[in-house]
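To start, the structure under review is shown below, and the notes come after it.
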Amino acid sequence: MRKFFSYGPVDCAEHFCVPRTEFIHKAMEQLIGNPQKGGHYFTVWAPRQTGKTWLMRRVKEEIEKRYGDRFICGFMSMQGISGKSIEDFLQEVPRLFRISLQIDLKKPLKSLSSFMELFEKGVGVFEKPVILFIDEFDSLPKEVIDELVVRFRDMYLNREAYLLHGLALIGVRAVLGVDSERGSPFNVQRSMHVENFDFAEVNDLYHQYIEESGQKIRQEVIDKVFYVTRGHPGLVCWFGELLTEKYNPGKEVEIDLNVWKDVYRRAVKVEWNNTVLNLIKKAKDKYLNQVLDLFNNSDKEFSLDVEWCSYLYLNGIIDYETITEASGEKKEVCRFANPFIQERLYNALTKSFLGDDTPIYPLALGDDLSDVFEAGLNLERLIPRYKDYLKRLKAKNISPFRDFPKRSDLNIYEAGGHFHLYHWLMNVLGKFCQIVPEFPTGNGRVDLHIRCKEQEGIIEVKSFRDMATLKQGKLQAANYAKKLGINKVVIVVFVHGVEEKEAEILKDDRVIEGVRIITEPVVFY
Ligand SMILES: Nc1ncnc2c1ncn2[C@@H]1O[C@H](COP(=O)(O)OP(=O)(O)OP(=O)(O)O)[C@@H](O)[C@H]1O
Ligand SMILES: [Mg+2]
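Numbering follows numbering that gives the first Met the number 0, in which position 377 of the sequence shown is assigned residue number 376; successive positions increment by one, without gaps.
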């Protein structure tokens, strides 16, 4: 029986796989172009683990199948090419040719001109037109990328002199030319972006499993997989592995939402996934401030011309969404790539800034929280305790945000409050309750779902913008809670730059649509 697979390109005979025939066909057409005159040179790009390598290997197979001996196809990967200079690269060329084209160059190359010569008609080592796939093009040093791209472009413009019929450069970022002063290597219009799976593809993949294994999976589980991953191929298959292998409750048992909840929690907390870890590392890297801001700000405009945007986008941390503003204008705004990545980042950032424990006792001595659990779940009674905690920190001269990056105006990031409250709640309630953050799209807010035994409540965390937005937020919160069958929401509004007394004006307690909405301002300093 086949399996889900998430460690490199899939093999459809062994693994469940999505055929993606349209993409394969389109890429093949581009590479072949006019079989007599020449094909195109273009780039294939997408974040990690989206299926680039698999797709382009399939394109190669398809060309070999359809065009038989007409072309020589070579698939080479630049991963693991060591060294920094052009000379180092040239040294590796004979090995690359031997492995991917079965051609023995006999001697090392001296210059990039001799590299070009290899493809020259009548002079080089080929007798037939060549179609070349270069995977992991980003792994090459910038200098080599720049130089190679220039040579390839020359060959493209003088195609009658060369046998390089078609070329696909495959990668994450460099292939788009964003790091290069010379811009994109080839005609950008021809570059191909690998999209995530759509819902039908994810559904089909999981139904392949259901059919072959005979084990049932509830439709809601497949819907959840699509929702949390937004169809990211590597993550979709990884959840498939976790659900059907590692945490499979038994072949005769249906995989339902309970299994899903268990798997999802483990995926967030304990499961190792290289792509995700690498992504978190990148998010904490040079554009951390922007990442933090995104947790708090839902209308940051997206633009590929802005360096941080393109960096986070091409590394699969953010995506964009088109929204319509109140004025009727449309614009593209930044969003996290998918809810799973957002939750992993939220946890990772909370831990890295605030550690596991609080620097002082999270609760006053003697406080046993009894009134919080008295006759229902009274989450609103936690907020004065949090404010007291902030005061006690201040009295000891401990800044709650000491390890947070500071903005140039030295104001603490607004998102700092979101992380800080979450961290405190985990310390206070973690032993009795489960706290699950959720990030409703387009709201720049965090909903903390708190489940303690049979009881459930929501603390919604946001930053103060203006009264109209706050009013709107209360209505939204009421509607949302109603849908979930919850009759109370505590909204914590972080305010800064004002005195505590001034902030009190935001305090509010009212019933909207049958839901009690309690608003609690918190000033952070
Ligand atoms: N057609 C497909 N059907 C099913 N799963 C796929 C398919 N394509 C990709 N995947 C999933 O994505 C994973 C990564 O595939 P692949 O290695 O081809 O992607 P990549 O974009 O080249 O990744 P990287 O950027 O790490 O090189 C696979 O292990 C599999 O989980
Ligand atoms: Mg790859």
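Even for Gly, the Cβ is constructed at its ideal location relative to N, Cα and C. In this text, all values refer to a predicted model and were calculated from it rather than measured experimentally.
Bridge partner(s) assigned by DSSP for residue i
i	result
Leu104	According to DSSP, which records beta bridges pairwise, Leu104 is partnered with nothing at all.
Glu455	Arg450
Thr323	Lys329
Arg509	Ile516
Cys432	Cys451
Asp134	Ser76
Val122	In DSSP, Val122 forms no bridge with anything.
Tyr161	Glu119
Thr42	Leu168
Ser462	Phe493
Arg229	BP columns for Arg229 are empty, so no partner.
Ile71	Val129
Asn536	This structure does not reach residue 536, given that the chain is present from 0 up to 524, and the question cannot be answered.
Phe335	Ile317
Phe523	His495
Own chain, CB closer than 6 Å to residue i, minus 5 neighbours either side, in chain order
i	result
Gln48	Gly233, Thr274
Asp255	Arg217
Leu242	Ile254, Val262
Gly73	Ser99, Leu100, Leu131
Ile209	Ile216
Leu447	Ile434, Pro436, Ile458
Glu200	Val17
Residue i versus residue j: straight-line alpha-carbon distance, rounded
i	j	result
Ile449	Val488	11 Å
Glu598	Met75	Given that the chain is displayed from residue 0 to residue 524, the structure contains no residue 598 and the question cannot be resolved.
Gln101	Ser297	53 Å
Glu503	Val521	9 Å
Ser309	Asp137	15 Å
Val305	Tyr286	12 Å
Thr52	Gly7	8 Å
Phe301	Met191	20 Å
Glu219	Gln341	21 Å
Lys393	Arg343	30 Å
Pro436	Val445	6 Å
Arg158	Glu126	15 Å
Val193	Ala336	14 Å
Leu348	Gln29	43 Å
Asp408	Gly496	Here Asp408 scores only 49 on pLDDT, less than 50, and its place in the model should not be relied on; the value that follows carries that caveat. Distance between the alpha carbons of Asp408 and Gly496: 12 Å.
Glu525	Leu474	Lying before the first or after the last residue shown, residue 525 is absent from the chain, which here runs from 0 to 524.
Phe114	Lys280	36 Å
Gly67	Pro338	45 Å
Leu389	Asn257	37 Å
Leu276	Pro107	38 Å
Leu166	Arg56	13 Å
Val9	Gly50	8 Å
Val148	His231	29 Å
Ala325	Thr440	17 Å
Heavy atom of ligand 3 within 6 Å of residue i beta-carbon
i	result
Pro520	No copy of ligand 3 occurs in the structure displayed; its ligands are ligand 1 and ligand 2 alone.
Spatial neighbours of residue i in its chain, beta-carbon cut-off 8 Å, leaving aside the 5 residues before and after
i	result
Ile517	Glu379, Lys487, Val488, Val489, Ile490, Asp507, Asp508
Glu13	Arg1, Lys2, Phe4
Val427	Pro361, Leu362, Leu368, Leu381, Arg384
Phe118	Phe125, Val129, Met154, Tyr161, Leu162, Leu163
Glu146	Ile85, Leu111
Glu244	Lys2, Phe3
Chain-order list of residues whose beta-carbon lies under 7 Å from that of residue i (same chain, five-residue window excluded)
i	result
His164	Gly37, Gly38, Phe70, Pro128, Val129, Ile130
His417	Phe294, Asn295, Val445, Val460
Phe96	Ile102, Leu104
Glu61	Ile23, Met27
Val514	Ala477, Ala480, Lys481, Asn486, Lys487, Val488
Glu211	Met0, Arg1
Asp197	Gly230
Neighbouring residues (CB closer than 5 Å to any heavy atom of ligand 1): Ser5, Gly7, Pro8, Val9, Cys16, Val17, Arg47, Gln48, Thr49, Gly50, Lys51, Thr52, Trp53, Pro232, Gly233, Cys236
Touch test, the segment 413-428 against the segment 378-395, Cβ-Cβ under 8 Å, three pairs minimum: yes
Three-pair Cβ contact test at 8 Å for the segment 457-466 versus the segment 491-502: Touching, per the Cβ criterion.
Contact between the segment 252-268 and the segment 202-216 (3+ Cβ pairs under 8 Å): Counting Cβ pairs under 8 Å, three or more are found: they touch.
Touch test, the segment 132-151 against the segment 8-26, Cβ-Cβ under 8 Å, three pairs minimum: no
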